[in-house]
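Encoded as structure tokens, the structure appears first; notes follow it.
2 protein chains.
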Amino acid sequence: MTIKTKEKAVATLPLNEILAGDCIDVMNALPEASVDLIFADPPYNLQLKGDLHRPNNSKVDAVDNAWDQFDSFKAYDAFTKAWLAAAKRLLKPGGAIWVIGSYHNIFRVGAELQTQGYWILNDVVWRKSNPMPNFRGKRFTNAHETMIWASKDEGSKYTFNYEALKELNEGIQMRSDWVLPICNGGERLKDDKGDKAHPTQKPESLLHRVLVGSTNAGDVVLDPFFGTGTTGAVAKALGREFIGIEREEAYRKVAAKRISRVRKFDKTAIAVTTPKRAEPRVPFGQLVERGLLRPGEMLTSPRGHLAKVRADGTLIADDVKGSIHKVGAELEGAPSCNGWTYWNFKRDGKNVSIDVLRQQIRAEMSE
Amino acid sequence: MTIKTKEKAVATLPLNEILAGDCIDVMNALPEASVDLIFADPPYNLQLKGDLHRPNNSKVDAVDNAWDQFDSFKAYDAFTKAWLAAAKRLLKPGGAIWVIGSYHNIFRVGAELQTQGYWILNDVVWRKSNPMPNFRGKRFTNAHETMIWASKDEGSKYTFNYEALKELNEGIQMRSDWVLPICNGGERLKDDKGDKAHPTQKPESLLHRVLVGSTNAGDVVLDPFFGTGTTGAVAKALGREFIGIEREEAYRKVAAKRISRVRKFDKTAIAVTTPKRAEPRVPFGQLVERGLLRPGEMLTSPRGHLAKVRADGTLIADDVKGSIHKVGAELEGAPSCNGWTYWNFKRDGKNVSIDVLRQQIRAEMSE
DNA sequence: CCACACAATGAATCCATCA
DNA sequence: ATGATGGATTCATTGTGTG
Chain A
1 MTIKTKEKAV ATLPLNEILA GDCIDVMNAL PEASVDLIFA DPPYNLQLKG DLHRPNNSKV
61 DAVDNAWDQF DSFKAYDAFT KAWLAAAKRL LKPGGAIWVI GSYHNIFRVG AELQTQGYWI
121 LNDVVWRKSN PMPNFRGKRF TNAHETMIWA SKDEGSKYTF NYEALKELNE GIQMRSDWVL
181 PICNGGERLK DDKGDKAHPT QKPESLLHRV LVGSTNAGDV VLDPFFGTGT TGAVAKALGR
241 EFIGIEREEA YRKVAAKRIS RVRKFDKTAI AVTTPKRAEP RVPFGQLVER GLLRPGEMLT
301 SPRGHLAKVR ADGTLIADDV KGSIHKVGAE LEGAPSCNGW TYWNFKRDGK NVSIDVLRQQ
361 IRAEMSE
Chain B
1 MTIKTKEKAV ATLPLNEILA GDCIDVMNAL PEASVDLIFA DPPYNLQLKG DLHRPNNSKV
61 DAVDNAWDQF DSFKAYDAFT KAWLAAAKRL LKPGGAIWVI GSYHNIFRVG AELQTQGYWI
121 LNDVVWRKSN PMPNFRGKRF TNAHETMIWA SKDEGSKYTF NYEALKELNE GIQMRSDWVL
181 PICNGGERLK DDKGDKAHPT QKPESLLHRV LVGSTNAGDV VLDPFFGTGT TGAVAKALGR
241 EFIGIEREEA YRKVAAKRIS RVRKFDKTAI AVTTPKRAEP RVPFGQLVER GLLRPGEMLT
301 SPRGHLAKVR ADGTLIADDV KGSIHKVGAE LEGAPSCNGW TYWNFKRDGK NVSIDVLRQQ
361 IRAEMSE
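What follows is the structure, encoded as structure tokens:
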């Protein structure tokens with residue numbers, strides 16, 4: 001029964017479609033635990049009083065659309081609570097969510113995320129390289145937006161392609177502040193009159209980093225505030241499945257047209273750098289079994305400790321016995337030790353890391 | 001009567017002192033509407049579980065102080081609500097508040113600020129130039145903290161020294177993201193044993209920018225979580241009056257000694273040395289993220305080698321994978337290789353160096 | 001005295017898998 | 001579920017020691 005329900009659920013999950021309607025209703029109609037990642041760019045609750053003018057009196061095209069007006073924090077909180085709860089139900093156990101916002105709404109969103117039991121992994125700042133200046137000189141240039149990245153629950157798994165992100169950043173660990181330009185130029189979608197099709201279109205570079213970093217190829221990515229479909233466009237190019245939800249028909253049309261033109265990157269291009277952890281585990285005992293090391297042979301540590309290899313793949317040094325890791329840790333008085341990189345053996349008079357032997361076995365395994 | 005009360009209040013306002021006690025009690029005992037600016041660095045409620053070790057096995061000195069321990073979000077929220085209410089009462093009508101925090105607490109603080117009727121003017125991101133890395137490679141480097149700047153009420157006046165901040169920023173409007181180093185070196189206060197006197201001492205550069213931007217000489221600045229007195233030290237140097245509140249005697253002692261040694265800047269000395277800007281580092285991955293190169297696109301070397309661009313900004317050529325530099329070096333059998341000048345892409349049938357694209361990004365960044 | 005190597009450390013919600 | 005164990009993981013800056 002359970003299995004049947006699940007099968008049916010998966011079968012009816014509408015992939016790579018833009019669903020019409022209110023995102024809360026639509027999410028509640030989708031099967032639970034069916035989505036790997038949610039990226040959400042909810043309305044910002046901008047409370048603009050009157051129009052804003054540039055120094056030359058040209059009017060700024062402010063975000064004042066009807067869908068962005070809420071009469072109070074209370075109404076906004078109720079809305080936030082409802083869509084976040086619906087989103088949590090949809091997430092698989094190892095799923096995660098990203099929400100982007102500004103100071104107008106992000107504090108309320110973040111507090112509600114925590115209250116609902118989502119577990120914040122990072123807040124990430126999108127630092128805009130070309131923001132709109134503060135024309136009146138009354139505040140700081142509003143030059144960033146904030147994203148919150150959270151797993152479904154405390155302690156739950158999540159996808160994080162650490163090595164791929166490190167490569168994207170040319171060998172240095174990716175930080176929580178991302179410097180990326182705003183969406184303009186050819187990427188910015190226009191309507192029939194040549195005006196911008198959506199007031200807050202996000203750059204594809206932002207979604208590229210989010211999806212490369214926190215999804216794998218084939219994952220299902222849901223965007224409940226789809227707009228003109230940046231999430232869908234990048235997901236398609238990267239070989240992820242998407243589900244979009246959008247209330248406004250005009251946006252749905254623009255998004256559908258946009259995504260239809262996107263070409264998938266080829267498979268080897270989508271493949272990213274993988275972690276060492278993904279390589280097959282080789283027990284140290286295999287080196288002994290295969291004769292790469294002989295029982296009785298002595299290993300040396302960087303600081304001159306000696307240990308004898310035993311037939312069962314353990315080491316013995318003075319009065320310490322155990323695995324290569326345990327013996328290394330005890331000799332160093334350290335909380336842990338990677339025995340593979342710690343111990344050396346002698347070949348032709350030279351010290352060689354035992355990790356070389358592990359590499360050798362792994363190479364044989366992959367043949 | 002009202003006037004007399006006010007006069008008495010001002011007369012008894014303890015200036016340039018560090019008051020002992022719980023900040024909520026102490027604030028409630030101070031006269032209302034008597035303070036121009038509040039800078040607050042409340043406990044972050046970090047909720048750290050076990051120990052964390054660096055890859056070299058040394059233990060990270062975590063913030064495990066009793067003052068950062070709360071039983072639940074509910075308890076933290078009650079604390080936040082109480083101190084923010086006490087702070088609001090103290091602010092003059094034209095006063096403002098700054099609160100600094102991390103993702104652990106800042107969303108709850110920001111939401112409560114809004115709920116109490118404070119009016120958020122900006123959120124400002126302190127981007128740390130030298131943050132502690134993420135040692136286990138499980139998340140993004142936590143490389144920033146968030147500050148919220150809010151006036152006492154919607155529509156109320158506030159101080160903003162636009163021109164002074166513009167000068168601080170080499171003639172360009174100050175943005176909402178500030179790149180500043182963490183507090184270490186000679187500025188970091190030590191106790192008798194040579195350990196850090198306070199686990200979370202803030203850099204004076206941060207307070208300098210806050211006080212120059214949002215107070216005038218002679219203004220009263222209150223810091224309810226005074227710690228080792230960075231706010232007081234910078235306020236004194238800039239000719240502002242300060243009031244500090246601190247519960248821990250050890251911190252009060254260190255702060256008092258520190259501030260006693262501070263000399264006021266003379267007016268001409270406040271001219272600030274601007275740090276020289278190095279050419280920004282552009283990771284190759286940004287060309288991919290920003291669509292200047294497509295995953296799957298082929299690059300060529302001077303000697304005709306081909307390599308395919310991957311989604312994470314690495315290249316793949318035959319069986320060689322890695323950064324533009326590494327792949328170039330391996331193909332040439334060289335110890336190193338500058339991939340930026342080595343690789344070319346095709347545009348309009350002609351070979352163009354990828355370094356042209358880096359120049360393009362640098363030009364955008366400096367705009 | 002200078003150059004260079006090496007060690008120390010900072011607001012951190014920091015593992016995965018198997019028995 | 002829980003515990004034991006294998007073994008993977010860091011950047012910028014400052015201070016100290018050595019040649």
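If you read the sequences in order, they're chains A and B. Numbered by my numbering, the letters in the first sequence go through residues 1 to 367 in order. Numbered by my numbering, the letters in the second sequence go through residues 1 to 367 in order. Virtual Cβ for every residue (Gly too), placed ideally from N, Cα, C. Treat the numbers as computed from the prediction; the structure is a model and nothing was measured.
Query: Close beta carbons around D153 of chain A, own chain, < 7 Å, minus the five adjacent residues each side; Result: G117 and W119
Query: Runs of alpha helix (DSSP H) wholly within the stretch 198–233 of chain B (minimum 4 residues, chain order); Result: 204–214
Query: Closer than 8 Å at the beta carbon, the chain B residues around K138 of chain A; Result: F160 and Y162
Query: Contact set between the stretch 295–323 of chain B and chain A, restricted to residues whose Cβ is under 9 Å from the partner; Result: P295, G296, E297, K308, V309, R310, A311, D312, G313, T314, I316, K321, G322 and S323
Query: Where R303 of chain A falls: helix, strand or coil (DSSP); Result: coil
Query: Residue range of the beta strand (DSSP E) that includes D77 of chain B; Result: Per DSSP, D77 of chain B belongs to no beta strand (DSSP E); it is in the alpha helix (DSSP H), F73 to L90.
Query: Anticipated Cβ contact below 8 Å, R368 of chain A with W340 of chain A, distance rounded; Result: Since the first residue shown for chain A is 1 and the last is 367, residue 368 of chain A is missing from the structure and cannot be characterised.
Query: Length of the line joining the Cα atoms of P14 of chain B and G244 of chain B; Result: 9 Å
Query: Partner residues on chain A for M174 of chain B, Cβ-Cβ distance less than 8 Å; Result: F140 and T141
Query: Beta-bridge partners of A150 of chain B, as assigned by DSSP; Result: B:I97 and B:I120
Query: Beta carbon proximity, L121 of chain B to chain A, threshold 8 Å; Result: yes
Query: Buried or exposed (CB count within 10 angstroms, at least 16 for buried), T230 of chain B; Result: buried
Query: Separation of Q173 of chain A from R139 of chain B, as counted between CA atoms; Result: 9 Å
Query: Three-state class that DSSP yields for N28 of chain B in the structure shown; Result: helix
Query: G239 of chain B versus B:E248, B:R258, B:R252 and B:T215, residue with shortest Cα-Cα distance; Result: B:T215
Query: Backbone CA spacing between E187 of chain B and F39 of chain A [nearest angstrom]; Result: 42 Å
Query: Residue range of the unbroken beta strand (DSSP E) whose run includes D355 of chain A; Result: Note, D355 of chain A: premise wrong, no beta strand (DSSP E); alpha helix (DSSP H) at D355 to M365.
Query: Secondary structure of D195 of chain A, DSSP reduced to three states; Result: coil
Query: Contact list for F107 of chain B against chain A, beta-carbon separation under 9 Å; Result: I106, F107, R108, V109, G110, A111, E112, L113, Q114, I120, D123 and I148
Query: Own chain, CB closer than 7 Å to I24 of chain B, minus 5 neighbours either side, in chain order; Result: A82, W83 and A86
Query: Length of the line joining the Cα atoms of P224 of chain B and V282 of chain B; Result: 41 Å
Query: When A:A143, A:L211, A:E248 and A:M27 are compared against P133 of chain A, the one with the closest alpha-carbon; Result: A:A143
Query: 8 Å Cβ shell around S205 of chain B - same chain, five flanking residues per side excluded; Result: L180 and P181
Query: Beta-carbon separation (whole angstroms), L91 of chain A vs I97 of chain A, contact threshold 8 Å; Result: 7 Å
Query: V272 of chain A and A311 of chain B closer than 8 Å at C-beta; Result: yes
Query: Within 8 Å, strictly: CB atoms of V234 of chain B and L168 of chain B; Result: no
Query: Identity of the residues DSSP links to K326 of chain A by a beta bridge; Result: Its beta-bridge partners do not exist; DSSP assigns none.
Query: Exposure label - G304 of chain A; buried when at least 16 CB within 10 Å; Result: exposed
Query: Expected contact under 8 Å - CB spacing of L113 of chain A and A150 of chain A to nearest Å; Result: 5 Å
Query: V221 of chain B burial status per 10 Å Cβ neighbour count (16 or more: buried); Result: buried
Query: Start-to-end residues for the beta strand (DSSP E) that takes in E17 of chain B; Result: E17 to A20
Query: The stretch 242–272 of chain A: positions lying closer than 7 Å to chain B by Cβ; Result: F265, D266, T268, A269, I270, A271 and V272
Query: Start-end ranges of the beta strand (DSSP E) lying completely within the stretch 231–300 of chain A, minimum 3 residues; Result: 241–246 and 298–300
Query: Proximity below 8 Å, CB of A111 of chain B to CB of A111 of chain A; Result: yes
Query: V10 of chain B in three-state terms, based on DSSP; Result: Note on V10 of chain B: pLDDT 46, under 50, position unreliable in the model; the coordinate value appears next. The answer is helix: DSSP assigns V10 of chain B an H, G or I state.
Query: Cβ-based contacts, 8 Å cut-off: residues of the stretch 52–77 of chain B near chain A; Result: H53, N57, K59 and F73
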